[in-house]
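Numbering (the numbering used here), first residue to last: 1 to 196.
Glycine included, each C-beta is placed from N, C-alpha and C at the ideal position.
Quick look at the structure:
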């Protein structure tokens, strides 16, 4: 994917590609050395993910604008990227022209959002505050955070494994996540879980 993006952008006379990196830590080293106007970052990268990379770029190199280009468009992913300081959030179905325009806009300090991302952010702002988790959903989520399987959660809470699955599906919907790990991460970010 990276090679394809580089090939597309290299053909644009208004954009100079000064470097590329295979993971977040390598990207930070390049940014330190090259001081680019814009860093194009994916959310899912090895060694250091896109959110952590974005936060470090913003803290250490405020002149470099971070533009996220990813396939992930859940509310939680978008929120994490924007909160980390990204100036824009694009999806990988963005056309070459849209991407080039977005890079130029980001270099000028303008916020750039894919239409689907903008719609999600607006819808999220219009929604009431996050739906509350029930006490039982919090019990299940705490057990997930403790690393228990569904069967072990059922045994701990004295409920059927099918009931555990039902609680998980409901709390996934409330937290706008698709898996157990993200449920725990989002719950911790929102202060619903305290891990000591």
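Residue 65: buried (16+ other C-beta within 10 angstroms of its C-beta) or exposed? To locate residue 65, count along the chain shown from 1; it is residue 65. With 16 or more other Cβ atoms within 10 Å, it is buried.
According to DSSP, is residue 113 part of a helix, a strand, or is it coil? For this step, residue 113 is matched to residue 113 along the chain shown. Residue 113: strand per DSSP, three-state reduction.
Jot down the residue ranges of each uninterrupted beta strand (DSSP E) in the region 65-121, minimum 3 residues, whole runs only, in chain order. 65-70 and 88-91
So what's residue 48 in DSSP terms, helix, strand or just coil? Here residue 48 refers to the residue found at position 48 when the chain shown is read from its first residue. DSSP places residue 48 in coil when its eight states are reduced to three.
Assumed close pair residue 193, residue 145 - CB separation to whole angstroms, cut-off 8 Å: If you number the chain shown from 1, residue 193 lands on position 193. If you number the chain shown from 1, residue 145 lands on position 145. Rounded, the Cβ-Cβ distance is 6 Å, consistent with contact.
So, for residue 26: in the same chain, excluding its five sequence neighbours on each side, which residues have a beta-carbon less than 8 Å away from its beta-carbon? Position 26 of the chain shown, counting from 1, holds the residue named residue 26. Closer than 8 Å at the Cβ level, and outside the excluded window around residue 26, lie 47.
Any idea what DSSP makes of residue 133, helix, strand or coil? Residue mapping note: residue 133 aligns to position 133 of the chain shown, counting from 1. Reduced to three states, the DSSP call for residue 133 is coil.
Bridge partners - residue 8, DSSP secondary structure assignment: As a first step, residue 8 is located in the chain shown; it is residue number 8 there, counting from the start. Note: residue 8 sits in no beta bridge, so no partner.
Do you know how far the Cα of residue 139 is from the Cα of residue 95? By 1-based counting over the chain shown, the position of residue 95 is 95. By 1-based counting over the chain shown, the position of residue 139 is 139. Near 45 Å, if we compare the C-alpha coordinates of residue 139 and residue 95.
According to DSSP, which residues form a beta bridge with residue 39? Residue numbering aside, residue 39 sits at position 39 when the chain shown is read from its first letter. Residue 39 is bridged to 66.
Contact belief for residue 77 with residue 34 at Cβ below 8 Å, rounded distance in angstroms: Position 77 of the chain shown, counted from the first residue, corresponds to residue 77. Position 34 of the chain shown, counted from the first residue, corresponds to residue 34. Wrong, their Cβ atoms sit about 27 Å apart, outside the cutoff.
How far does the alpha helix (DSSP H) with residue 190 in it reach, from first residue to last? The residue you call residue 190 lines up with position 190 of the chain shown. First-last for residue 190: undefined, no H or E at that position.
Are the region 150-167 and the region 178-186 touching by the rule of at least three beta carbon pairs closer than 8 Å? no
Measuring straight from C-alpha to C-alpha, what distance separates residue 7 and residue 90? For the purposes of this step, residue 7 is identified with residue 7 of the chain shown, where counting begins at 1. For the purposes of this step, residue 90 is identified with residue 90 of the chain shown, where counting begins at 1. About 18 Å.
Neighbourhood of residue 69 by C-beta distance below 8 Å, restricted to the same chain and skipping five residues each side: Against the chain shown, residue 69 aligns to sequence position 69. The residues are 5, 40, 41, 42, 90, 91, 92, 94 and 99.
If I follow the unbroken alpha helix (DSSP H) through residue 167, where does it start and stop? Indexing the chain shown from 1 puts residue 167 at position 167. Residues 161-175.
In three-state terms, what does DSSP make of residue 182? The count along the chain shown starts at 1 and reaches residue 182 at position 182. Three-state DSSP puts residue 182 in a helix.
For residue 141, the nearest candidate out of 174, 109 and 111 (CA to CA): In the chain shown, the residue the question calls residue 141 occupies position 141. Here the closest residue by C-alpha is 174.
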